[in-house]
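Residue 115 in numbering that gives the first Met the number 0 sits at position 116 of the sequence shown, with consecutive numbering throughout.
Each residue gets a CB set at the ideal place from its N, CA and C atoms; glycine is no exception.
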Amino acid sequence: MAHMRERPYVQFNFLVDLGNGNTEGPEAGFQEVSGLQSSVDTIEYRNGNSKLNAPIKLAGLSRTGNVTLKRGLMGALSLHQWLEETCSGGGLRTVTISLQDEARTNPVMQWRLINARIVKHTSGPFNAKGSDVAIEEIEIACERLELE
Numbered sequence: 000m001a002h003m004r005e006r007p008y009v010q011f012n013f014l015v016d017l018g019n020g021n022t023e024g025p026e027a028g029f030q031e032v033s034g035l036q037s038s039v040d041t042i043e044y045r046n047g048n049s050k051l052n053a054p055i056k057l058a059g060l061s062r063t064g065n066v067t068l069k070r071g072l073m074g075a076l077s078l079h080q081w082l083e084e085t086c087s088g089g090g091l092r093t094v095t096i097s098l099q100d101e102a103r104t105n106p107v108m109q110w111r112l113i114n115a116r117i118v119k120h121t122s123g124p125f126n127a128k129g130s131d132v133a134i135e136e137i138e139i140a141c142e143r144l145e146l147e
């Protein structure tokens, strides 16, 4: 799926599928996606009879960071309902984030959040003197991040 080219892709053409197959319409539209990251812990180990005075480094557990999605607040309850599903022991989904080409017709890279669950839902802040759009934000935890 990943398409190599000489110049980088722009960051503002992306689709988010929250595990329900919907990437169209206001409920699927997000302003920002951040936190797509994974890492591997390292374990330092040294035998007592090692000739080197330094430990070797072994691969440990792999970890995936929480992903944050932001969108304008529009009165939809689907994200809060997903949080309630998670609170009652369910709510596991596969969330897909697709970076699109400039024509917005083909995905050029995809990130899949496997066994994703919403762990935080925030609305606001609200300010009577401001003119910004009211934002709702969710944080998603997942067990594995696949890149395609």
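Contact check, residue i vs residue j, beta carbons under 9 Å
i	j	result
L14	A1	no
V32	V9	no
T121	I139	no
W81	R70	no
T63	S37	yes
E147	N12	no
6 Å Cβ shell around residue i - same chain, five flanking residues per side excluded
i	result
G24	none
R45	P54
D16	T22 and T95
In DSSP terms, what residue i is bridged to
i	result
V66	I139
Y44	I55
H120	I137
M108	L98
Simplified DSSP state of residue i, which is helix, strand or coil
i	result
A27	helix
Q99	strand
E5	coil
S33	strand
L78	helix
Close beta carbons around residue i, own chain, < 8 Å, minus the five adjacent residues each side
i	result
Q30	K69, R70, G71 and I134
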